[in-house]
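Heads up: the protein sequence lines correspond to chains L and E, in order.
Here the first sequence is numbered in my numbering, starting from 1 and rising by one per residue.
Here the second sequence is numbered in my numbering, starting from 1001 and rising by one per residue.
We put the beta carbon where it would ideally sit given N, CA and C, even for glycine.
Working notes, structure below.
Protein chains: 2
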Amino acid sequence: MELIWLVPVAGLAAVLYALWLAHDVLKRDMGTPEMQDVADMIFEGAMAFLRRQYATIAILSLVTAVVIGLIVGAVSEGVKAIDYNDGSIEYGAVTVDQWEEGLMTGLAFLFGAACSALAGYIGMYISVRSNSRTASAATRSLKEAITVALRGGAVSGFLVVALSLIGVSTIFLLYTEALGNDEAIGPFLIVGFGFGASFVALFAQLGGGIYTKAADVGADLVGKVEAGIPEDDPRNPAVIADLVGDNVGDCAGRGADLFESMSAENIGAMILGVAIYAVTGDLEWVVFPLVLRSFGIFATIAGLSSVPFFVKDDGKQDPMTPLNFGYYIVCALSVVGLGIATNVMLGDEWYWFFFCGLIGIATSIAFVYITQYYTSGGWRPVKEIADASRTGPATNIITGTAVGMETTAATAITIAIALVASFALGSEADIPGAGSFTTGVYGTAVATMGMLMSAAYILSMDTFGPITDNAGGITEMSGAPASARHITDSLDSVGNTTKALTKGYAVASAGLAAFLLFSAFLDKVKERIGVPLNDELPINLANVDVFAGGLLGVMLVFVFSSLAIRAVSSAAQDIIEEVRRQFREDPGIMAGTSRPDYGRAVDITAKAALRNMIAPGVLAVGMPIAVGLVFRFMRSEELVLANGTVIQDPSGWLAVAGMVMVGTIGGVMLATFFNNVGGAWDNAKKYIEAGNLKDENGVVEGKGTEPHKAAVVGDTVGDPFKDTAGPSLHVLIKLLSTITLVMAPLFIA
Amino acid sequence: MELIWLVPVAGLAAVLYALWLAHDVLKRDMGTPEMQDVADMIFEGAMAFLRRQYATIAILSLVTAVVIGLIVGAVSEGVKAIDYNDGSIEYGAVTVDQWEEGLMTGLAFLFGAACSALAGYIGMYISVRSNSRTASAATRSLKEAITVALRGGAVSGFLVVALSLIGVSTIFLLYTEALGNDEAIGPFLIVGFGFGASFVALFAQLGGGIYTKAADVGADLVGKVEAGIPEDDPRNPAVIADLVGDNVGDCAGRGADLFESMSAENIGAMILGVAIYAVTGDLEWVVFPLVLRSFGIFATIAGLSSVPFFVKDDGKQDPMTPLNFGYYIVCALSVVGLGIATNVMLGDEWYWFFFCGLIGIATSIAFVYITQYYTSGGWRPVKEIADASRTGPATNIITGTAVGMETTAATAITIAIALVASFALGSEADIPGAGSFTTGVYGTAVATMGMLMSAAYILSMDTFGPITDNAGGITEMSGAPASARHITDSLDSVGNTTKALTKGYAVASAGLAAFLLFSAFLDKVKERIGVPLNDELPINLANVDVFAGGLLGVMLVFVFSSLAIRAVSSAAQDIIEEVRRQFREDPGIMAGTSRPDYGRAVDITAKAALRNMIAPGVLAVGMPIAVGLVFRFMRSEELVLANGTVIQDPSGWLAVAGMVMVGTIGGVMLATFFNNVGGAWDNAKKYIEAGNLKDENGVVEGKGTEPHKAAVVGDTVGDPFKDTAGPSLHVLIKLLSTITLVMAPLFIA
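So this is what it looks like as structure tokens:
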């Protein structure tokens, strides 16, 4: 177990680094009293929403923890020890009985949920404390503004990564060493942690996504369209809610999303490691994901710290450039860390897995570029949409849809290549006793973990987005000088790109991860029905249960998206009515003589968002369970394995397996469409606003022209696509895997 | 082989009935000289497009036929005879050598393509000859107008069904009896027929879909929006192209779509019958699908003939009512026919398959109602979209998208229930030697064939759509009395519903059929690699090739849709420029003193549509082949079957299998979304135009108001969704199955 000592060191380093960053940000100048006034309102609104949201999530989590504890306790048969000698795997006596397993699963669920919530809460706290400081820094220099915004964002990024690493390691140690259980069954015992993380992520992303877009759409429709006042105008009662929304969606929501990715994929990779551990007796295969993530943390600290050195304060540099340089440093150091970790830990044929990890790192770089191509203004796709805006909103929407659907190609092909290549390379590794399928799947796990090494950096760039967005709003509302606004505007545009990048990264990691999480689910089923881990369990698409499950899985992602989009409309309606009421009852607001009741608008948005997240949330959690139960009890078939074993009534888990796997494919494609089409519509509008569209006579068709109005329609349509439905789909995909992993016993007859 | 004599009788009956209908329609009054003038222009335009389109398709088909003949000849190992005794199936000597097989496949392909083209051509001929006669009839009575339009449509419906039945039977007889081959290998020899039908359908639907929407969008944007003249105004040079488009999309396109459905599913069902024939020695299992379809033809003749008796000329009756009554008669008689056919042909436990067929008939009824609920004005979904139009085009699009995605639920659940239930019922049938999997899959095939029994009726109602739509246009352009326009308007609205129904029916049959066609593909693979037909060949979703293939399959349906939508924009651009040119160069057109050059607009639309159908067409045909080849040659794995057989290098066909199956699921869901959202947007606009939307003070917000303008945007966006992308996806789904069925040897190492 060499290198395992790195895990606590890295966890501690990440926390200390986050504390130092937080200290550095908080000690900075908070700006003018006007800036502080606006920032305080955003802070209060954000924290109020977060408290209310987490209170709701806490109650839901507690109930769910009890329910899953009882279900697992009641239907499981306990966890069997694994005997491993002379290369074959046998199951021995039950070492953790069913009620112990239920209790441990419920507690792990709560622990995962708590870690996720804690990371989100502290990250948000610093993020909304960084915005006025960024606004203030922007009155002085670009360099300082970038530094503050990036460090503020990095607090969130590092906390998320650190808490996930510490959380998974702690619960693993507790459930194995502390309780005296075999490490081989440890990963199966901690799956509740991943489910807890998914559960919080689902509601955090849904609630945050609905909040941010309801506030945005509501503020725009009633402010810009009805009252004719500009964006971020202090007379608009919903303006603070809009600024709060950026934080709760992009910071807290995406943080929970990636917290879940890392935790669930880490646990899934450990489960896959068990199959190799069982034949080699080397625990390194199980704990390798933890060590690799530790190297990722060190690489990210180095990369982030280097960014300020690349900033040139000459007014010409694209602020994206220093961020990209930092990212390259993270990737280069990750490769070094990957080399050390695989060489030391993964046996004689470690290099195969080193190549797998390289593929993962390359995939993350590929997605950074793919997203930029499809969503930033300099390239063909956005220009095409801007051009189509000339003939009105309908052609803007039609062309945008075509572009958005086209983007699935690069995503699917990249993921397919990464998966097949890492599987093929992994299966080349010759490990006596472990079949090529086992090492191949492990290869895909190493690729996924390689991709996630840079998660803290990506997440820091993501949270950079709402901080700079807010800084722009604060600059606008506090009447700061135009030079500061120029700086925040350039940062805001970079923030849009980094937010889009993060979504691409999250989709790709979800796609890669699906395969490993699915294999982990099958390992869990094998463990339950007593099939050796190195045997194949066919989820045959020609089986009617698998096919029907797959159909229902794709349907789930469509209907879930429908509910998420509808939730935004419904919540926006509440805000529109509140703003109309305030304008009607106090004419002083429009005159600029009385201050609108921002707090009430924030409050109403929060309530509406939370109310509207229930339906899609229940569908996401309930449908896989319902399908599993219906197929388990309504169908009666048998399945014959390659070794002749006959398995009775497999329909429940077969349907669930089809649902998870095919639903994941559908979800990855649909989320890609939503994220990219929304980003492209947004940037097509910005492209026109920047004066890049000209008519046949060379006259600029900018803000206020008919093409611009058409582009605004596209942008508005894209809002719930890219910030509510798309990101919620990432979470849904991973939730499907973790919920079925935990609930597996329920679907097995 | 009892009842087999019914097949030629039914084929002949259908042809004679179609001839009688055609005679009846053609002898009717052609209307005023003005009507005839317009009708002649539509006729010429439609026939010119059809000739040009079929010439293109003919060349493509000839080349493709030669290519697939050569490929099959070069890579296949010939077809082996099947020995069947004491319940086990063995493969014997090669009875059709590889070059014979290549030749037969190529010829079958051409024959299938020719039958499809012939059916489309004659159907279109009568359809565009029926429009002025319907317009003329509308000046006299509703009853006469319905009768003419429905009979005109029925010519197309019956010819499509008859030519498919006659074509499949003829080629089957030729390749077995005439050439002296065993009937058991017959279905494998005629798969080329299904591929030929798919091939023509793909280009017919794509070309027709692009034509109709490019003309529609082009005519609207430049006529209604730019020039401010009403729809169907004779001054618009694109008006004839628009009317021609209705025929080439809904009549020729949909006809080819359903021709393909029936042919491919019929052949697939026959292949599945071989597995039971091989153990029972009863050829009935193979030819049963032909007999069942024959009963469907008789039922449809009775149902269609009864419609005029239900029409009440009291001005109050909804014209949908008599059409529904006719449909009930078809369904009731189909149940009788199903009972006779299963009882006589399918052994002692025939009743299980009778139940399967009932499920198919019930599914077709269910889809008729689901489509009506989601796309007609009386129900919640359309009202919701109309309401959302109040806040502008963006909310109209957002709400429409949410509604469209929601509709996938009913579709997926209905198909899943139908599939699982028919499989479960079929697998109850105890046939010695045939496993429950074999009889279960046969059960789904019986359900699919049961659903298709009413195809001729559905198709008649579908073609009713463009005929009444054209009749409305002719009435408008020829200045007929308002009473006639009132009648054609009411028929046009019914036509919209029947067109939407047909799409729902086509999607459902594609979904049901996927399972049986996929099983047929696996049977073909088994036959090639020498695995007994009753053994299971696992297409394991946990296999990386299957998963990657699935990902690429869903990507294919998204990218194909993107290309189809983009093709409409691109072709519309050509028309817009032509109309602008005509307006500019001849001011007499707008003044009404000179006649626009309709022919040139028709010609340009045709060229643009054909040019733009190439890219999506090539993608659809090329990608499955490319994926199969890449995986076959780049990957090297082995697959172990349940009986211990080791299969080398299965990656090619595994990836293709994943692609077809998961791609089909994605395609069914996406097509459902496109068809329903487009229909709902269209009817939300009509709902507002009919004066059903009122503001808070009860004032009607009708034509010309802001909500109406917003609804027009939604309707325009929906046009390429529902009439190009959606219907082309149906065809793509089935093409995926038939192309892989024919090309299977190419993917097997």
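_Under 7 Å by beta carbon: chain L residues contacting SER1519 (chain E)_ = For this step, residue 1519 (chain E) is matched to residue 519 along the second sequence. Annotation: Cβ neighbours of SER1519 (chain E) in chain L (cutoff 7 Å, chain order): ALA542.
_Paired residues, beta bridge with ILE756 (chain L) - DSSP_ = For chain L, the structure presents residues 1 to 749; residue 756 (chain L) sits outside this window and is missing.
_Residue from L:ALA500, L:ILE267, L:GLY663, L:LEU243 whose Cα sits closest to the Cα of TYR211 (chain L)_ = One-based indexing of the first sequence puts residue 211 (chain L) at position 211. Nearest of L:ALA500, L:ILE267, L:GLY663, L:LEU243 to TYR211 (chain L), Cα basis: L:LEU243.
_Counting C-beta neighbours from all protein chains within 10 Å, is the total for THR1740 (chain E) 16 or more, i.e. buried, or is it exposed?_
Start at 1 with the first residue of the second sequence, and residue 1740 (chain E) comes out as number 740. Result: buried.
_Please list, in chain order, the chain E residues whose beta carbon lies closer than 7 Å to that of PRO538 (chain L)._
In the first sequence, residue 538 (chain L) corresponds to position 538, counting from 1. Under the 7 Å cutoff, chain E gives PRO1538, ASN1540.
*Is the number of C-beta pairs between the region 1029-1037 of chain E and the region 1119-1137 of chain E that are closer than 8 Å three or more?*
Taking 8 Å as the limit for Cβ pairs, the verdict is that the region 1119-1137 of chain E does touch the region 1029-1037 of chain E.
*Distance between MET661 (chain L) and PRO432 (chain L) (C-alpha atoms, nearest Å)*: Reading the first sequence from its first residue, position 432 is the one you call residue 432 (chain L). Reading the first sequence from its first residue, position 661 is the one you call residue 661 (chain L). Distance between PRO432 (chain L) and MET661 (chain L), taken at the CA atoms: about 30 Å.
*Taking Cβ to Cβ, would you say GLY1102 (chain E) is nearer than 8 Å to LEU1070 (chain E)?*
Locating residue 1102 (chain E) in the second sequence gives position 102, counting from the first residue. Locating residue 1070 (chain E) in the second sequence gives position 70, counting from the first residue. Yes. Within cutoff.
_Less than 8 Å between C-beta atoms, sequence neighbours within five positions excluded: which residues of the same chain meet that for GLY1714 (chain E)?_
Along the second sequence, read from residue 1 onward, the residue named residue 1714 (chain E) stands at position 714. Result list for GLY1714 (chain E): ILE1385, SER1389, PRO1393, ASN1396, ILE1397, GLY1400, TRP1681, ALA1684, LYS1685, in chain order.
*Buried or exposed for ASN697 (chain L), please, with buried defined as at least 16 other CB atoms from any protein chain shown within 10 angstroms of its CB.*
Position 697 of the first sequence, counted from the first residue, corresponds to residue 697 (chain L). Counting Cβ neighbours within 10 Å, ASN697 (chain L) comes out exposed, since fewer than 16 surround it.
*CB contact below 8 Å: GLU1406 (chain E) versus chain L*: In the second sequence, the residue the question calls residue 1406 (chain E) occupies position 406. With 8 Å as the cut-off, GLU1406 (chain E) counts as an interface residue toward chain L.
*Spatial neighbours of LEU610 (chain L) in its chain, beta-carbon cut-off 7 Å, leaving aside the 5 residues before and after*: Here the question's residue 610 (chain L) lines up with position 610 in the first sequence. Setting aside the 5 residues that flank it on each side, LEU610 (chain L) is surrounded in the same chain by ARG52, GLN53, THR56, GLY207, each with a C-beta closer than 7 Å to its C-beta; the list follows chain order.
*By Cβ distance, which residues of its chain are closer than 6 Å to ASP1086 (chain E), with the 5 residues on each side in sequence left out?*
Within the second sequence, residue 1086 (chain E) is the residue found at index 86, counting from 1. At ASP1086 (chain E) the pLDDT is 49, less than 50, meaning the model places this residue with poor confidence and gives no usable figure here.
*Using a Cβ cut-off of 8 Å (strictly closer), state whether LEU1512 (chain E) contacts chain L.*
On the second sequence, position 512 is the one that residue 1512 (chain E) refers to. The C-beta of LEU1512 (chain E) comes no closer than 8 Å to any C-beta of chain L.
*DSSP on LYS27 (chain L), reduced to helix/strand/coil?*
The sequence position of residue 27 (chain L) within the first sequence is 27, counting from 1. The DSSP-derived three-state label of LYS27 (chain L) is coil.
*Using a cut-off of 9 Å between C-beta atoms, extract the partners of PRO187 (chain L) located in chain E.*
Numbered from 1 along the first sequence, position 187 holds the residue referred to as residue 187 (chain L). What PRO187 (chain L) touches in chain E: nothing, since even the nearest Cβ is about 18 Å away.
*Between THR1395 (chain E) and chain L, is there a C-beta pair that is closer than 8 Å?*
Your numbering for residue 1395 (chain E) matches position 395 in the second sequence. Judged by the 8 Å Cβ criterion, THR1395 (chain E) is in contact with chain L.
*Within the same chain, show all residues whose beta-carbon is closer than 7 Å to that of ILE604 (chain L), passing over the 5 residues directly before and after it, in chain order.*
For this step, residue 604 (chain L) is matched to residue 604 along the first sequence. Around ILE604 (chain L): ASP574, ILE575, GLU578.
*Does any CB atom of chain L fall closer than 8 Å to the CB of THR1738 (chain E)?*
For the purposes of this step, residue 1738 (chain E) is identified with residue 738 of the second sequence, where counting begins at 1. For THR1738 (chain E), the closest Cβ of chain L is not nearer than 8 Å.
*Going by the CB atoms, is the gap between PRO234 (chain L) and MET477 (chain L) shorter than 8 Å?*
The residue you call residue 477 (chain L) lines up with position 477 of the first sequence. The residue you call residue 234 (chain L) lines up with position 234 of the first sequence. Taking C-beta atoms as the reference points, MET477 (chain L) and PRO234 (chain L) count as a pair closer than 8 Å.
*With distances taken Cα to Cα, identify the nearest neighbour of PHE367 (chain L) among L:ALA410, L:CYS331, L:ILE614, L:GLY78.*
As a working note, residue 367 (chain L) is residue 367 in the first sequence. Considering only alpha carbons, the answer is L:ALA410.
*Answer yes or no: does any C-beta atom of chain E fall closer than 8 Å to that of LEU16 (chain L)?*
Here residue 16 (chain L) is taken as the residue at index 16 of the first sequence, counted from 1. Chain E has no Cβ within less than 8 Å of the Cβ of LEU16 (chain L).
*Any chance the region 1168-1180 of chain E sits against the region 1498-1513 of chain E, with 3 or more Cβ pairs inside 8 Å?*
No: the two stretches stay apart, fewer than three of their Cβ pairs being nearer than 8 Å.
*With C-beta atoms as the reference, is ILE1126 (chain E) less than 8 Å away from GLY1152 (chain E)?*
As a working mapping, residue 1126 (chain E) is identified with position 126 in the second sequence. As a working mapping, residue 1152 (chain E) is identified with position 152 in the second sequence. Closer than 8 Å, so yes.
*Mapping DSSP to helix, strand and coil, what is VAL662 (chain L)?*
Taking the first sequence and counting its residues from 1, the one referred to as residue 662 (chain L) is at position 662. In the three-state reduction of the DSSP assignment, VAL662 (chain L) falls in the helix class, which pools H, G and I.
*asked:* For GLU177 (chain L), which residues in the same chain have their Cβ closer than 7 Å to its Cβ, ignoring the five residues on either side in sequence?
replied: Residue mapping note: residue 177 (chain L) aligns to position 177 of the first sequence, counting from 1. Counting only Cβ-Cβ distances below 7 Å, and skipping sequence neighbours, we find nothing.
*Within-8 Å CB hit, GLY666 (chain L) to chain E*: Your numbering for residue 666 (chain L) matches position 666 in the first sequence. It does; some Cβ of chain E falls within 8 Å.
_ASN1540 (chain E) (DSSP reduced to helix, strand or coil)_ = Here the question's residue 1540 (chain E) lines up with position 540 in the second sequence. Of the three classes helix, strand and coil, the one that applies to ASN1540 (chain E) here is strand, per DSSP.
*Exposure of PRO1650 (chain E), with buried meaning 16 or more beta-carbon neighbours within 10 Å*: Here residue 1650 (chain E) corresponds to residue number 650 of the second sequence, with the count starting at 1. When all chains shown are included, PRO1650 (chain E) counts as buried.
*asked:* Can you tell me whether GLY87 (chain L) is helix, strand or coil according to DSSP?
replied: Numbered from 1 along the first sequence, position 87 holds the residue referred to as residue 87 (chain L). With a pLDDT of 48 at GLY87 (chain L), under the threshold of 50, the modelled position of that residue is not reliable, and the figure given next carries that caveat. Three-state DSSP puts GLY87 (chain L) in coil, outside helix and strand.
*So, is the C-beta of THR1438 (chain E) closer than 8 Å to a C-beta in chain L?*
Position 438 of the second sequence, counting from 1, holds the residue named residue 1438 (chain E). For THR1438 (chain E), not one C-beta of chain L is nearer than 8 Å to its own C-beta.
*Answer with buried or exposed for VAL646 (chain L), where buried requires no fewer than 16 other C-beta atoms within 10 angstroms of its C-beta.*
The residue given as residue 646 (chain L) occupies position 646 in the first sequence. VAL646 (chain L) should be labelled exposed.
*asked:* On the CB-based measure, 16 or more other CB atoms within 10 Å of its CB, does THR1321 (chain E) come out buried or exposed?
replied: Translated into the one-based positions of the second sequence, residue 1321 (chain E) becomes position 321. Residue burial is scored here from C-beta neighbours: THR1321 (chain E) has fewer than 16 other C-beta atoms within 10 angstroms and is therefore classed as exposed.
*Determine the extent of the alpha helix (DSSP H) in which LEU1452 (chain E) is found, giving its start and end residues.*
Stepping through the second sequence from its first residue, residue 1452 (chain E) is reached at position 452. Looking at the DSSP string, the run of the alpha helix (DSSP H) that includes LEU1452 (chain E) is 1436-1452.
*What are the complete alpha helix (DSSP H) segments, minimum 4 residues, inside the region 151-213 of chain L?*
Counting whole runs of 4 or more residues, the region 151-213 of chain L contains the alpha helix (DSSP H) stretches 186-189.
_Considering only heavy atoms of the ligand SAM, does any lie closer than 7 Å to the CB of ILE604 (chain L)?_
Questions concerning the ligand SAM fall outside what the structure shown contains, since it holds no ligand whatsoever.
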